[in-house]
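Colleague: Protein chains in written order, with my numbering: chain D, 73 to 534; chain V, 509 to 601.
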């Protein structure tokens, strides 16, 4: 297997119900890879969020082992100490670290949690956690000039995503994708590589920005919108881009199409801190005049037992004596309070009093290791049909808007997995079950002829 | 070349050097010393600073030297605010 290569096309948020079912017939390149190889649902980590999911995929380890539970993590047990999960937050090897040490050449473009760039045996273009391209966003640094010559001003992400000018948002997403795929193809054709990976963020941005125009079930569905096919059209565009990439690889290359999580319609927002206040777990010292983020609200910490973070899922923290600066839960009462809250959260309801199916996870129950400063609970409101609203001062428990403006879709637990080995073509599509996001890293190493570290939590997909 | 009882690092620039390093690594593995042999292909286009960074990372990655403290912040205050705003806009926070 020494002469094999692995190509990974990562599509952030690409969702199985579209790729495998609803639009399969309109995505000929992806369908062809499925039909000649194997495919299946790829179970993401908890939480199924870009950070930490791509790092879980590339390290073969869970968020607990990585000590990374979201884009921002508590750096200590203070109330303010949140730090961004950059590349430095990942202390475990990702596949490119192992491959580089083994002398394999790597090409990496846009893989989340790669900023600031780290030395690899090959090249790296960092992700949307890079402030802008005036920062060092490549390894080696001299690569930036080549990128500019190749695609002009490289786009790390879409600016002003919340703009009401949807045409402009759409145009930016297409431009970002065109440049990213163009650059990646250039590298495939001009650089030596054994392992090449690109992660495109456009599908995620499309889902969050355009879902309501497509989905009749969405609470804010707009009938007859000119954007009703925007997401389908973009998937077709991506399919064409993948077809173009495949012209740059030969039969020694095993191709993967993967996503870090899926997507689903968003029914609304659940205001976690408003709910905690109503239930008597959180007390504010001063009522804000308008809605403010939890970090800017004046909390009476001595009378507060719990607070939560907003996002596509929620993290809930308990205020424990001897752990937090003004903790009020006796450590002996910790599990009792946690269990009580889990029971109440699992009983949360919509504005009509209907149960929404909220799921609550204790980190210690779902991870083999729990490193860093974990949340005390991870919450999927309505099993991710509802996002978590962290702001205080809204005065309601349920909203139809995100606290940052409209948002059409939430994440779903399952992403996509497609693998096609031109040297071992299947007669027809092989559907696989039981795939986990941590299986990808050991599979890559195995295919490239390297031993799989024993501490990787995933298994080799054979 | 860096040598120590616990490791060998070859800082390779050319393809030929990489091939020599790989052959040497294979030979050391045969003799049971593979786990302490490190090959760092730094690439001809790397600056001196990047070459040093690559070698240091290899040494750290193989446990030959302890990882350096990375206490210096990744973002300036302005950059951190920019990232926070971007992530809020994208719905992640």
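Quick reminder that beta carbons are idealized off the backbone N, C-alpha and C, glycines included.
Counting contacts by CB-CB distance shorter than 8 angstroms, is residue 406/D in contact with chain V?
Modeller: Translated into the one-based positions of the first chain, residue 406/D becomes position 334. So no, residue 406/D is outside the interface.
Colleague: What residues in the stretch 519-537 of chain V bring their beta carbon closer than 9 angstroms to a beta carbon of chain D?
Modeller: 520, 523, 526, 529, 530 and 533
Colleague: Assess, as a yes-or-no matter, whether the stretch 166-183 of chain D is touched by the stretch 195-212 of chain D under the definition of 3 or more beta carbon pairs within less than 8 angstroms.
Modeller: Yes, they touch.
Colleague: Shorter than 8 angstroms from the beta carbon of residue 554/V to some beta carbon of chain D?
Modeller: On the second chain, residue 554/V is found 46 positions in, with the first residue counted as 1. Yes, residue 554/V lies at the interface with chain D (some Cβ there is under 8 angstroms from its Cβ).
Colleague: Establish whether the CB of residue 601/V and some CB of chain D are separated by less than 8 angstroms.
Modeller: On the second chain, residue 601/V is found 93 positions in, with the first residue counted as 1. Interface residue, yes.
Colleague: Using 8 angstroms as the limit for Cβ to Cβ distance, is residue 229/D near chain V?
Modeller: Indexing the first chain from 1 puts residue 229/D at position 157. Interface residue, yes.
Colleague: What residues from the stretch 117-136 of chain D come within 9 angstroms of chain V, judged by C-beta to C-beta, listed N to C?
Modeller: 121, 122 and 123
Colleague: Measure how close the beta-carbons of residue 508/D and residue 136/D come, nearest whole angstrom, since I'm counting them as under 8 angstroms.
Modeller: Locating residue 508/D in the first chain gives position 436, counting from the first residue. Locating residue 136/D in the first chain gives position 64, counting from the first residue. Incorrect: roughly 14 angstroms between the Cβ atoms, too far for contact.
Colleague: Can you have a look at residue 374/D and say buried or exposed, based on whether 16 or more other CB atoms are within 10 angstroms of its CB?
Modeller: Taking the first chain and counting its residues from 1, the one referred to as residue 374/D is at position 302. Residue 374/D comes out exposed.
Colleague: Are three or more beta carbon pairs between the stretch 93-112 of chain D and the stretch 491-509 of chain D nearer than 8 angstroms?
Modeller: yes
Colleague: Against residue 382/D, what residues of chain V qualify as contacts under a CB-to-CB distance less than 8 angstroms, listed in chain order?
Modeller: To locate residue 382/D, count along the first chain from 1; it is residue 310. Residues of chain V passing the Cβ test: 601.
Colleague: Taking residue 279/D as the query, report the chain V residues whose CB atoms sit under 9 angstroms from its CB, ordered along the chain.
Modeller: Sequence index remark: in the first chain, residue 279/D carries index 207 (1-based). In chain order: nothing, as chain V lies at least about 10 angstroms away.
Colleague: For residue 513/V, does the count of other Cβ atoms within 10 angstroms reach 16, so buried, or fall short, so exposed?
Modeller: The count along the second chain starts at 1 and reaches residue 513/V at position 5. The predicted model places residue 513/V with a pLDDT of 45, which falls under 50 and marks its position as unreliable, so this point remains unresolved.
Colleague: Counting pairs of Cβ atoms below 8 angstroms between the stretch 142-158 of chain D and the stretch 208-228 of chain D, do you hit three or more?
Modeller: By the Cβ criterion, the stretch 142-158 of chain D is not in contact with the stretch 208-228 of chain D, since fewer than three pairs of Cβ atoms, one from each stretch, lie closer than 8 angstroms.
Colleague: Have a look at residue 468/D and residue 343/D and give me their C-alpha separation to the nearest angstrom.
Modeller: Numbered from 1 along the first chain, position 396 holds the residue referred to as residue 468/D. Numbered from 1 along the first chain, position 271 holds the residue referred to as residue 343/D. Cα to Cα, residue 468/D sits roughly 7 angstroms from residue 343/D.
Colleague: Tell me residue 379/D's beta-bridge partners as DSSP assigns them.
Modeller: Numbered from 1 along the first chain, position 307 holds the residue referred to as residue 379/D. DSSP lists 389/D as partners of residue 379/D.
Colleague: Any Cβ of chain V within less than 8 angstroms of the Cβ of residue 285/D?
Modeller: Taking the first chain and counting its residues from 1, the one referred to as residue 285/D is at position 213. Answer no: the Cβ-Cβ gap between residue 285/D and chain V never drops below 8 angstroms.
Colleague: Which of the three DSSP states is assigned to residue 533/V in this structure?
Modeller: For this step, residue 533/V is matched to residue 25 along the second chain. Three-state result, residue 533/V: helix.
Colleague: Would you identify the three-state DSSP class for residue 115/D, choosing helix, strand or coil?
Modeller: Stepping through the first chain from its first residue, residue 115/D is reached at position 43. In the structure shown, the three-state DSSP call for residue 115/D is strand.
Colleague: Excluding the five sequence neighbours on either side, which residues of its own chain have a C-beta within less than 7 angstroms of the C-beta of residue 599/D, listed in chain order?
Modeller: As displayed, chain D neither begins before 73 nor continues past 534, which places residue 599/D out of reach and without an answer.
Colleague: Name, please, each residue of chain D whose Cβ falls closer than 7 angstroms to the Cβ of residue 595/V.
Modeller: In the second chain, residue 595/V corresponds to position 87, counting from 1. Within 7 angstroms Cβ-Cβ: 143.
Colleague: Return the chain-ordered ranges of every alpha helix (DSSP H) run that is complete within the stretch 175-228 of chain D and spans a minimum of 4 residues.
Modeller: 215-223
Colleague: Starting from residue 144/D, trace the beta strand (DSSP E) in both directions and tell me its first and last residue.
Modeller: As a working note, residue 144/D is residue 72 in the first chain. Per DSSP, residue 144/D belongs to the beta strand (DSSP E) from 144-146.
Colleague: In this structure, how does DSSP classify residue 125/D when only helix, strand and coil are distinguished?
Modeller: Mapped onto the first chain, residue 125/D falls at position 53. Correct three-state label for residue 125/D: helix.
Colleague: Could you run through the stretch 208-241 of chain D and flag, in chain order, every residue whose CB is less than 8 angstroms away from some CB of chain V?
Modeller: If the cut-off is 8 angstroms between Cβ atoms, the stretch 208-241 of chain D has 211, 212, 213, 214, 215, 229, 232, 233 and 234 near chain V.
Colleague: At the 8 angstroms Cβ level, is residue 511/V part of the contact set with chain D, yes or no?
Modeller: Counting from 1 along the second chain, the entry for residue 511/V is found at position 3. Note that residue 511/V scores 44 on pLDDT, short of 50, meaning its location in the model is unreliable; the coordinates nonetheless yield the value given after this. Not an interface residue.
Colleague: With DSSP as the reference, label residue 560/V as helix, strand or coil.
Modeller: Position 52 of the second chain, counted from the start, is the residue given in the question as residue 560/V. In the structure shown, residue 560/V sits in a helix (DSSP, three-state: H, G or I).
Colleague: I want to verify the contact list: residues of chain V whose CB lies under 9 angstroms from the CB of residue 156/D, in sequence order.
Modeller: Your numbering for residue 156/D matches position 84 in the first chain. Neighbours of residue 156/D across chain V, judged by C-beta separation under 9 angstroms: 582, 583, 588, 591, 592 and 595.
Colleague: Go ahead and pull the three-state DSSP assignment for residue 239/D.
Modeller: One-based indexing of the first chain puts residue 239/D at position 167. In this structure, residue 239/D counts as helix in the three-state DSSP scheme.
Colleague: What's the gap between the Cα of residue 465/D and the Cα of residue 362/D?
Modeller: Locating residue 465/D in the first chain gives position 393, where the first residue counts as 1. Locating residue 362/D in the first chain gives position 290, where the first residue counts as 1. Distance between the alpha carbons of residue 465/D and residue 362/D: 6 angstroms.
Colleague: Quick check: residue 273/D and residue 200/D, are their CB atoms within less than 8 angstroms of each other?
Modeller: Indexing the first chain from 1 puts residue 273/D at position 201. Indexing the first chain from 1 puts residue 200/D at position 128. Yes, these two residues count as a Cβ contact at 8 angstroms.
Colleague: Quick test of the definition: if touching needs 3 or more C-beta pairs under 8 angstroms, does the stretch 496-505 of chain D touch the stretch 375-388 of chain D?
Modeller: no
Colleague: Compare the C-alpha of residue 82/D against each of 516/D, 213/D, 533/D and 269/D and name the closest.
Modeller: Position 10 of the first chain, counted from the start, is the residue given in the question as residue 82/D. The shortest Cα separation from residue 82/D among 516/D, 213/D, 533/D and 269/D belongs to 269/D.
Colleague: In chain V, which residues lie less than 8 angstroms from residue 479/D when you measure between Cβ atoms?
Modeller: Counting from 1 along the first chain, the entry for residue 479/D is found at position 407. Residues of chain V passing the Cβ test: 599.
Colleague: Tell me the residue span of the beta strand (DSSP E) that contains residue 531/D.
Modeller: As a first step, residue 531/D is located in the first chain; it is residue number 459 there, counting from the start. Run containing residue 531/D: none; DSSP gives neither H nor E here.
Colleague: Can you find the residues in the same chain that come closer than 6 angstroms, C-beta to C-beta, to residue 276/D, ignoring five residues on each side of it along the sequence?
Modeller: Here residue 276/D is taken as the residue at index 204 of the first chain, counted from 1. Here the set comprises 84 and 85.
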